[in-house]
Structures are given as C-alpha cells and as structure tokens.
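Sequence positions in the sequence shown follow this note's numbering and run 39 to 354. C-beta atoms are modelled at their ideal positions from N, C-alpha and C, and glycine is treated no differently. Treat the numbers as computed from the prediction; the structure is a model and nothing was measured.
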Amino acid sequence: MSSKLEQLKQFTDVVADTGDIDAIRRFSPQDATTNPSLILKAAQLAQYQPLIQRVISAQSKGPRDAQWLQKTATQLAVEIGAEICKLVPGKVSTEVDARLSFNTEAMIAEGRYIAELYQQKGIAKDRLLIKVASTWEGIQAAAVLEKEGVECNLTLLFSLIQAAACAEAGATLISPFVGRILDWHVARGLAPETAHDDPGVQSVIAIYSYYKQHDYKTVVMGASFRNLGEIEALAGCDRLTISPALLTELSEDTQALPRQLGPDMNFIPHPKLDITESGFRWALNDDAMATEKLAEGIRAFAADQVKLETLLSEWN
C-alpha cells in the first residue's frame with residue numbers, strides 16, 4: 039500500500055510548513071507556507087548564506103536602522119519565497135511583520151509591498167498568499183487586499199468567530215492552529231483521550247462544517263500539528279500544512295488512511311453568524327483560549343522578527 043502521505047494527497051492538498059528547500063524538494067507538496075519563525079530558522083541554514091549576502095548587498099549602504107532592518111527582512115522573506123516557488127506548483131505564503139497586527143493600513147501597505155517585490159522577480163500574484171494575523175484589523179486589511187487581487191492567508195486563527203469574519207471578508211484561505219489549541223488545554227490538565235477528542239481537531243471540523251453549510255469558498259487549511267493523529271483525524275480537509283518531521287512520519291507509514299472530512303459529511307448545524315466589529319471583539323474576548331493564543335502567537339512571531347533583524351544587523 040502507498041504511504042499515508044500519498045493517500046492523504048488523494049483528497050487533501052498537502053502544504054509544507056517550512057522554509058527549508060531540501061525538505062520541500064523531498065516531499066513535493068502542492069504549496070508551502072512560511073512565517074517569521076520559519077524564515078529565522080531558514081536564515082541560519084548553510085544553503086541560504088549566499089542569498090542573505092546578496093539581499094544585504096542589494097540594500098542601501100546607509101545606517102542599519104529600524105527601517106533598513108524591516109525592509110531587508112521583508113526582502114529576505116520574499117527571496118526565500120521565490121526560491122520555494124521554483125519547487126512547488128501552487129502558492130507560497132509570506133507573512134507581514136507581526137508587529138503590524140493591529141494596524142490595518144500598515145498591513146495593507148506591507149501586503150502590497152510584498153506582492154510588488156514578488157512581481158519584480160517575475161512571480162505573479164496568483165502564486166502568492168499574504169499572511170496576516172486574524173485580528174479584527176488583520177481581517178479588514180485582508181478584505182482590502184483581496185479586492186485588489188492580492189490573496190490572503192489569515193493565520194493565528196483559534197475560533198469560529200475569527201473564521202466566520204475571515205470568510206465574510208472574502209479571505210482566500212485560513213490557517214486554524216490545531217496544535218496550539220491542544221497545547222492550551224493540555225497545560226490545564228485537559229489532555230484528550232483520542233485524536234477525535236482533540237479540541238484543535240474539533241475546532242477545525244466545526245469551522246469546516248460552518249463553511250460548507252453556508253457555502254463559503256474560503257479554504258480551510260489546518261496548521262500547527264503536534265502528532266499524526268491530528269492529521270489523520272482531519273484527512274479530507276481542504277488543505278493541511280505539515281512540518282517536515284510529520285511529513286516524514288506520514289511518508290514512512292503504509293497503513294490505511296481513511297478520509298474523515300468531505301463536502302458530503304453530516305455538518306455540525308450552526309446558524310450564520312452576524313459579523314460586526316463589536317460582536318467579533320466580544321466573542322473573541324469571551325473565548326479565553328483564542329484570546330490568549332492569538333496574543334501569544336503575535337508576540338512570538340514579533341520576537342522572532344526581532345531576532346531575524348538582529349541577525350541581519352550583525353551580518354558582515
């Protein structure tokens with residue numbers, strides 16, 4: 039029998055959650071996603087050292103101030119994304135600076151800038167997803183970018199209210215973070231007995247059901263997995279973005295992988311939510327897990343952005 043990875047590809051678009059070109063070449067995913075943490079890791083790999091040198095050499099020779107560092111980090115992310123584009127047939131996700139997560143206009147400007155950098159390298163908009171945090175401000179930024187033909191991936195998503203708002207905004211894709219939801223519950227002594235009881239898995243199933251029964255076209259891409267069980271329980275989801283370590287496990291396992299999700303499944307009934315800013319903010323505030331994990335995720339990505347900029351500032 040074929041591997042679980044090959045079986046999964048029959049009904050789910052598999053996306054590589056990495057900036058490591060060697061890993062992407064090995065697993066032949068449809069798409070690839072990056073974020074500040076993954077770019078930071080990639081920047082420390084030997085194969086990227088000439089690329090970093092090229093990016094820095096191409097920048098202005100002025101002081102390496104905050105503006106220079108942010109611009110150079112964005113250029114590096116695009117250069118890595120452009121290399122990944124050579125290896126995947128689909129799209130590459132590139133994330134805006136997490137420190138802009140509560141500034142709609144700044145995220146719009148950064149999204150346009152990233153798209154422009156890709157176009158300068160001959161990579162069309164339809165190969166790109168701009169990643170923004172699923173804050174109210176991020177969702178509004180995505181709405182504007184989508185109308186301009188710049189497709190978006192709404193990340194750091196932990197709740198149905200975030201997912202519903204993203205769909206109403208016309209987002210191309212959302213990334214609900216399965217493993218981080220599990221982490222929050224495990225930290226409170228609420229470890230699930232099975233993968234199907236996993237609160238992260240249940241969250242994605244609820245979002246998938248909500249989208250299908252209300253005919254939203256936004257793609258659901260489960261992300262941030264902690265184990266194979268979570269992936270197997272979501273087999274059939276539109277897309278799944280998976281780390282190289284778990285892709286390896288899937289590729290080495292030849293047991294049967296039954297499909298769990300599909301457009302004809304029995305949907306979890308849920309009335310259509312009326313999305314307003316005040317309603318969104320209250321529902322998110324009322325969900326302790328989603329509020330805490332969203333804030334924690336933004337802080338972590340911002341911290342890795344600073345580490346990346348520090349690395350660039352010290353480059354000779």
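Bounding residues of the alpha helix (DSSP H) (the contiguous stretch that carries residue i)
i	result
P214	P214 -> not in any alpha helix (DSSP H); beta strand (DSSP E) instead, spanning 211-214.
K79	74-81
E148	142-158
G119	104-123
V93	87-96
I269	266-271
Cβ-Cβ distance between residue i and residue j below 8 Å
i	j	result
P67	V53	yes
I161	C123	yes
T256	T210	yes
S351	R102	yes
F263	V216	yes
A273	Q298	yes
H234	A271	yes
D221	K129	no
N323	T329	yes
S95	S289	no
I77	L346	yes
P282	A81	no
Y248	A321	no
I152	V93	no
G335	R226	no
A180	A207	yes
L295	L46	yes
Same chain, Cβ closer than 6 Å to residue i, five either side skipped, listed in chain order
i	result
T223	For the record, residue 223 in the displayed sequence is His; it is not Thr. Answer for H223: P237, listed in chain order.
V182	I146
M259	L211, S213, R277, T279
K159	A120
M39	T292
G300	G274
G267	A233
G57	T72, L76, I77, A80, I118
M327	W222
H252	K310
Rounded separation between residue i and residue j - CA only
i	j	result
Q112	L332	Note that residue 112 corresponds to Thr in the displayed sequence, not to Gln. Roughly 22 Å between the two C-alpha positions.
S316	A144	22 Å
E121	S172	27 Å
I118	Q85	11 Å
I177	K99	36 Å
Y246	F140	26 Å
W174	R319	8 Å
M303	K250	9 Å
I59	D312	42 Å
Q343	T193	16 Å
L284	K310	35 Å
V242	S197	9 Å
P230	P88	45 Å
L155	D164	14 Å
For residue i, the three-state DSSP class (helix, strand or coil)
i	result
N323	helix
M259	strand
T279	strand
L46	helix
K310	coil
E189	coil
I168	strand
A207	coil
T132	strand
L295	coil
L194	strand
S247	helix
W353	coil
H223	helix
D60	helix
Contacts around residue i, its chain only, beta-carbon distance under 7 Å, and the 5 residues preceding and following it disregarded
i	result
S131	T71, T72, L167, K169, N191
E148	V134, D135, L138
A340	A136, R137
L125	I59, I62, R63
Residue i - containing beta strand (DSSP E), residue span
i	result
D55	51-55
D235	Taken as a continuous stretch (DSSP letters only), D235 belongs to no beta strand (DSSP E), as it is neither H nor E.
D69	69-71
Cutoff 8 Å; reference residue i; Cβ partners in own chain excluding five residues on either side
i	result
I186	A small correction: the amino acid at residue 186 is Glu; Ile does not occupy that position in the sequence shown. Only R150 meet the Cβ criterion.
C204	S172, I177, A180, L192, L195, I212, T256
Q97	W106, K109, T110, Q113
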